[in-house]
Amino acid sequence: EEEAEELLNSQTATYAKALEGHTVDEAVKKLEAEPFVDVRCTLIAKDGTVLFDNYADPSTLGNHNDREEVKAARASGSVTLMRHSDTLESFTLYAAALSGHDMVIRL
537 EEEAEELLNS QTATYAKALE GHTVDEAVKK LEAEPFVDVR CTLIAKDGTV LFDNYADPST
597 LGNHNDREEV KAARASGSVT LMRHSDTLES FTLYAAALSG HDMVIRL
């Protein structure tokens, strides 16, 4: 579990840094071009709107500002935690980090 957590933290920090300095549209396009393997990626706008999700249509997803990992990333810059995902119907390890334009990237 510790190795998985470290890897997820590292990946999230890398993506957050890669999105710095990009507009929201550029960040979404950059993520759309990524070949994510066995990891879900969600990009959340400052207002909680899901801008990108590689597992689901963002327009079908509700506001994410109430998600524990999103709130914690906004407060501290980054976080890793495990919680139950209603969407995936299982306990899931999340890493989230604050990026440019107050967006949160979550893996």
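Numbering-wise (this note's numbering), the sequence shown opens with residue 537 and increments by one. Virtual Cβ for every residue (Gly too), placed ideally from N, Cα, C. Fair warning: this is a prediction, and the values are worked out from it, not measured in the lab.
Under the three-state reduction of DSSP output, Ala563 falls in the helix class. Ranked by Cα distance from Val573, the first of Ser595, Asn590 and Glu542 is Asn590. Fewer than three beta-carbon pairs drawn from the region 560-568 and the region 621-632 are found closer than 8 Å, and the two stretches are therefore not classed as touching.
DSSP places Arg642 in the strand class (E or B) of the three-state scheme. Listed in chain order, the non-local C-beta contacts of Val564 below 6 Å within the same chain comprise Leu587 and Phe588, local neighbours out to five positions each way being set aside.
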